[in-house]
Each structure stands twice: as C-alpha cells, then as structure tokens.
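So the protein sequences, as listed, match chains L and P.
Under our numbering, the residue at position 178 of the first sequence is numbered 178, and the numbers go up by one with no gaps.
Under our numbering, the residue at position 55 of the second sequence is numbered 1055, and the numbers go up by one with no gaps.
For each residue, glycine too, the CB sits at the ideal point set by N, CA and C.
Small disclaimer: the values here were computed from a predicted structure and weren't measured.
Inspection log for the structure reproduced underneath, given as structure tokens.
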Amino acid sequence: MPGTDETPQSRADGAAAAQPAIEFIDVEKRFGDNVVLQDLNFSVAPGERVTLIGPSGSGKTTILRLIMTLESLTDGYICVHGRPLTHEKRGDRRVALPKKQVRSNTKRIGMVFQHFNLFPNMTVAENIIEAPIHVLGMSRADALEKARALLKRVGLADKENEHPTKLSGGQQQRVAIARALAMDPEVLLLDEVTSALDPELVDDVLGALREIAETTDITMLIVTHEMQFARDVSQRVMMFSDGQIIEDGPPDEIFTRPQHERTAKFLSAVLEH
Amino acid sequence: MWDWSRAFDALPLLLKGFGNTLIATVGGTLIAVVLGLVIAILLRVLPRWINWLLKLAVAFVRNTPLVVQLLFIYFLFAKHPVLAGIPSLTLGLIIIGVHYSTYMSESYRAGIDSVPKGQWEAISALSLPPARAFRSIVLPQALRATVPSLGNYAVAMFKDTPFLFAIGVVELVTSAQQYGGRHFAYTEAFTLAGLIFLAASYPTSLLIRRLEKSLARY
C-alpha cells in the first residue's frame, strides 16, 4: 500500500489525542470498470470545515456518500475519530465490519441531501424526532423539545405540524438540516444542499448553515458551488479533479492564488455566474 | 316469468349462503393481506437459496387454478385422522387466502420498490434500525401504491368464493343453484344472488377508494 506505513488499527489503538475526525487511507471506489477514486489519502481534523470543489464527476459527492456508507468503498479504509468505519485490517486481510457495527459507527455522522429526502408521510416534527427516539433512545418529550429548539434555530418554529410537501424547498432543506442536527452529529456532510433550490431560497438555507458553523464545532464536509459560502464558512478547500486532490489549502489562498491551472479554470467558470 | 313470492321465499336461504361467502371473503382477505406482506418481506431478507424455494412455491400457487388447489388439499386432508375434521368453510378460506396472498405479495413488492431511493438514503443517514424504518417510513409510503390493487384482489376473491362449492361449502351461488333446482325458480334465485353480490361489492369498492384517498393525503 503506497503512501501509508500505518494500519487502521495501529491508529485505533493509539492515543485519543489528535485523532483526525475523518481519515481516508488508500481509498478506491470503482463502479464496474469506471474508477472514480484511486489511492485517495486525506484527513480532516475535528471541528474543521472543509469544502470540496471541482467539476462534476470528479468524485466529491462520492466521498461524502462513502463516509455516510451509502456507497461501499472497493478498497482501502475510512476511519472516523480513529475507528474504522466499514472495513478493518486484520493481519493482511481487509475485513468488512458487521452491518450493525457500521450502523452504530454512522450514528454521529449526519448528512443533508441535495433533494432534502424528508419523509413525506410524517410531519416536520416527526421527521426530526424519529431517529433521536429510535437510534439514540431519547424519550419522545425530550426529542420533541429538542426538535422545537432546532426548528426555532432554522427559523421554522411555526411549521412543526406541517407535512413536508406543504413547505417550500428552502423550508424543507432547513427541516432536513434540523433533522440531521437532532442526532448531535460529530460530522456533518452537506451534499450540494442548495443546488435544487430556487435562487431566492438559497440565502435562508445558507444563513442557517452559517449560524451552525459559527456556533458549533461540528466537523463539516461541504460539497457546494456557492463559492462565497465556501469562503466564509470553511477553513480549508480541497480541489478535486478526476478523483485526485490537486490542490488543498485555506480558501483565501485557493480562491485568490490558485496554484494549479485546473483550479484557476474551474474557479473562473464557477465565479462567472 | 318473475314470481315475487318465489323471490321472497328464496331470500332467507340465499342470505344464509351469503353469510358463508362473507366469512370466506373476510377471512381470506385477512390471511392474504397479512401473508402477502410476510412473503414480500421474506423475499427481501431471506438468504438466496431459501428465497429461491419461496419464489418457486409462490409461482406454483399462482400458476395453478384455485379449484385444483381446493380439491387437492381437501382430498389430501380427507384421509388424515385429524385434518379431515377441519370444517370445509375454514379450510376453504385458508386456501383462498393463501392463494391470493401470492398475488398480494407482488403488489406489496411493487409498492416497496416504488419508495424513492432518497428515502432509503435518508434512513441510512439517520442510522435507523431496518425494522423500525420499514414500519414507520417504507411501509406507509409503499401502501399508497399497494392499497388499490389489494382492494381489487379482495373484490376478485369475493367473486371467486363460488369455487368453494367444489369442497362442499354452501355459499351464495350454491344456495341459489340449490333453491333454483328444488323449485325450478332459477331466474329469481340467480337474479337475487347477482343483486346481493352487487349490493356487497359496490359499497366495498367505494370504501376502498376512500381508503386510497386518505392514504394519498400527503
């Protein structure tokens, strides 16, 4: 395995201090013959907010989906806070962890989707309390209290009993953010959360996310085309091209002095509109 | 041609027969609705080779006539010391229920498949346990697509109950046949039988439509 001399367990056994929140070790993802990611290595520190940019098809969304275990990696390892997420190395073998353990590993990872994916058969409040009750074992009353506080925070205090289909896209997305936050995530994955919204609804959603970024220390991985938002909210930007990180640094540097021609080209294309 | 006194005379016997029709339909529907769901779930979760056996069994039941199944089980059980004691009506409603469960399982499967991928992804993203997620998210959404065809199958089952005649259950059509033969009053007996069927199935289909609407609320 090129690029690493440590194994996932040696890290898991190591001191708890300074464990990265997320670590990709020689990750490969292929769909059939199509290799999307290859020998991908990077780590994200706890509390760090990282924006992934790059042309579509460069594998940004796949990275989020791998962390959420919506896709399975075809080789390599992902560790979350030093613990292997889906596979671990035993001796020379790469062993898949049992489903139940994987589900337990993802409990503190939250994801917000481009198309919200709220449960249409439930009210707004029911959407938010479902997982806290049935995954974290919270009481209904506690979960509801928390849901109300979160709804207030995203500016939807009066929508508790509405069905999602009665809400605008921007409102639905803010409910989805509240739903993810109700699980007290250590890691929050934001997958093009404003791409499906009408332009006038984007600001409310980004506003809610800005507030969360400012007031919490949740580790965030953000895939977005909103460059101003990326600049304001994230401490680090990774530029992807063909499944490789071609540039990695603070937003000010990447946005103002891109080192790579590919990055400069991409940025000028995105910033044009 | 039409004799009102015959018609009134026939009515009590026909209603008694209709009682059996109702019992068979309601009992059969309950079995089919539950067993159909169980089959649909098992086909999703069972390991491959058992799954294959179950699929084979389902295909077997679906591709042989109900009458053959009724007669086959009836005569198979007739030789058994204990099973021979099962009343024909009970046996009939179980067989008709199992028969229709194989159709209903397919409706459930289609309904479950109609739940959008994004819903399953949200379920994973929230780490919800599969059983809970199935009950609170997948099934309620699947039922929207499933209920109309479950209703159609229930009505079809209702109209298949005359086959129970084959194993000696006297339901509505058989009562009409018997009364008609005894008094040579087929017109009255079968007209009434038809009207009773209509009087039962029409309100039922209205009820199913209302149920569909209430499921389509959101």
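Exercise for review: Can you pull the chain P residues whose beta carbon is under 7 Å from the beta carbon of MET111 (chain L), in chain order?
Suggested key: Chain-order list of chain P residues neighbouring MET111 (chain L): ALA1125, by C-beta distance under 7 Å.
Exercise for review: Name the one or two DSSP bridge partners that ARG49 (chain L) has.
Suggested key: Looking at the DSSP output, ARG49 (chain L) shares a beta bridge with L:MET220.
Practice item. Starting from ALA96 (chain L), follow the beta strand (DSSP E) in both directions and report where the run begins and ends. Key: Where ALA96 (chain L) is concerned, the enclosing beta strand (DSSP E) stretches over 93-96.
Exercise for review: Specify the secondary structure class of MET281 (chain L) as computed by DSSP and reduced to three states.
Suggested key: No statement about residue 281 (chain L) is possible, as the shown extent of chain L runs from 1 to 273 and does not include it.
**Study point:** Closer than 8 Å at the beta carbon, the chain L residues around SER1214 (chain P)
**Key:** Chain L residues near SER1214 (chain P): none, gap ~12 Å exceeds 8 Å.
**Study point:** DSSP state of SER1107 (chain P) mapped onto helix, strand, coil
**Key:** Residue state, collapsed to three classes: helix.
Practice item. Mark VAL1169 (chain P) as exposed unless 16 or more other C-beta atoms lie within 10 angstroms of its C-beta, in which case mark it buried. Key: The residue is buried, with at least 16 neighbouring Cβ atoms inside 10 Å.
Check your understanding: Using the beta-carbon count (16 or more within 10 Å), is PRO132 (chain L) buried or exposed?
Key -> It counts as buried.
Practice item. Return the CA-CA distance between VAL1147 (chain P) and SER1214 (chain P), expressed in angstroms with no decimal places. Key: Roughly 11 Å separates the two Cα atoms.
Practice item. Report yes or no: is there a C-beta of chain L within less than 7 Å of the C-beta of GLY1118 (chain P)? Key: With respect to chain L, the C-beta atom of GLY1118 (chain P) has a partner C-beta closer than 7 Å.
Review point. Should GLY47 (chain L) and ASP217 (chain L) be called a contact, given that it needs their Cβ atoms to be closer than 7 Å?
Key: Yes, the pair counts as a contact, with Cβ atoms nearer than the cut-off.
Check your understanding: Nearest-angstrom Cα distance between LEU1011 (chain P) and ILE1039 (chain P)?
Key -> When rounded, the distance between both Cα atoms is 40 Å.
**Study point:** DSSP state of PRO199 (chain L) mapped onto helix, strand, coil
**Key:** Looking at PRO199 (chain L) - three-state DSSP - the assignment turns out to be helix.
Point to revise | Local Cβ density within 10 Å of THR1090 (chain P), reported as buried at 16 or more and exposed below that | key: Under this definition THR1090 (chain P) is an exposed residue.
Practice item. Give the single residue among L:ALA96, L:HIS134, L:PHE255, L:GLN171 whose Cα lies nearest to the Cα of LEU156 (chain L). Key: Looking at the Cα atoms, L:GLN171 is the closest of the given residues.
Exercise for review: Give the straight-line distance between the Cα atoms of ASN41 (chain L) and THR1102 (chain P), rounded to the nearest whole angstrom.
Suggested key: About 50 Å.
Exercise for review: Can you grab the Cα-Cα spacing for the pair ARG1132 (chain P) / ALA182 (chain L), in whole Å?
Suggested key: Rounded to the nearest angstrom, the two C-alpha atoms are 18 Å apart.
**Study point:** Unbroken alpha helix (DSSP H) run spanning ARG1182 (chain P), endpoints
**Key:** From DSSP, the alpha helix (DSSP H) with ARG1182 (chain P) extends over 1172-1183.
Practice item. Mind checking the stretch 59-90 of chain L against chain P and listing, in chain order, the residues whose C-beta falls within less than 9 Å of any C-beta there? Key: Answer set for the stretch 59-90 of chain L: ARG65, MET68, THR69, LEU70.
Check your understanding: Less than 6 Å between the CB of ILE218 (chain L) and some heavy atom of the ligand FAD, yes or no?
Key -> This structure lacks the ligand FAD, and indeed carries no ligand of any kind.
Review point. Within 7 Å (strictly less), CB to CB, does THR263 (chain L) reach chain P?
Key: Not closer than 7 Å to any Cβ of chain P, the Cβ of THR263 (chain L) fails to qualify, so no.
Exercise for review: Note down the Cα distance separating LYS107 (chain L) from ILE1137 (chain P), rounded to an integer number of angstroms.
Suggested key: The alpha-carbon atoms of LYS107 (chain L) and ILE1137 (chain P) are separated by roughly 18 Å.
**Study point:** For SER1149 (chain P), the first and last residue of its enclosing alpha helix (DSSP H)
**Key:** DSSP places SER1149 (chain P) in the uninterrupted alpha helix (DSSP H) bounded by 1139-1160.
Check your understanding: What does HIS225 (chain L) reach in chain P if we use C-beta pairs closer than 7 Å?
Key -> Those do not exist, as HIS225 (chain L) stays about 20 Å from chain P at its closest Cβ, beyond 7 Å.
Point to revise | ASN105 (chain L) and LEU85 (chain L) closer than 7 Å at C-beta | key: Result yes, Cβ atoms of ASN105 (chain L) and LEU85 (chain L) sit closer than 7 Å.
Check your understanding: Do LEU197 (chain L) and GLY169 (chain L) come within 7 Å of each other at the CB atom, strictly closer than that value?
Key -> Yes, Cβ-Cβ distance for GLY169 (chain L) and LEU197 (chain L) is below 7 Å.
Review point. Alpha carbon to alpha carbon, what distance is there between ASP39 (chain L) and VAL27 (chain L)?
Key: Going by the C-alpha atoms only, they are around 5 Å apart.
Review point. Taking Cβ positions only, does ALA1122 (chain P) come closer than 7 Å to chain L?
Key: Closer than 7 Å: yes.
Review point. With a CB to CB cut of under 7 Å and the five nearest residues on each side skipped, what residues in its chain are close to VAL1045 (chain P)?
Key: Answer for VAL1045 (chain P): no residue qualifies.
**Study point:** 7 Å Cβ cut-off: residues of chain L touching ARG1132 (chain P)
**Key:** Within chain L, HIS134 have C-beta atoms less than 7 Å from the C-beta of ARG1132 (chain P), given in sequence order.
Check your understanding: Can you name the residues of chain L whose CB is closer than 9 Å to the CB of GLN1141 (chain P)?
Key -> Neighbours of GLN1141 (chain P) on chain L, chain order: PHE119, PRO120, ASN121.
Check your understanding: Using a C-beta cutoff of 7 Å, does HIS115 (chain L) count as contacting chain P?
Key -> HIS115 (chain L) counts as touching chain P.
Exercise for review: Locate the alpha helix (DSSP H) running through GLN311 (chain L), then write down its first and last residues.
Suggested key: Since the first residue shown for chain L is 1 and the last is 273, residue 311 (chain L) is missing from the structure and cannot be characterised.
Review point. Should LEU1128 (chain P) be flagged as near chain L, meaning a C-beta pair shorter than 7 Å?
Key: So, interface residue.
**Study point:** Residue-chain proximity (ILE1137 (chain P), chain L), Cβ-Cβ < 7 Å
**Key:** Nearest CB-CB separation between ILE1137 (chain P) and chain L: below the 7 Å threshold.
**Study point:** CB of ALA21 (chain L) within 7 Å of CB of GLY110 (chain L), strictly
**Key:** Cβ distance not < 7 Å, so ALA21 (chain L) and GLY110 (chain L) don't count as in contact.
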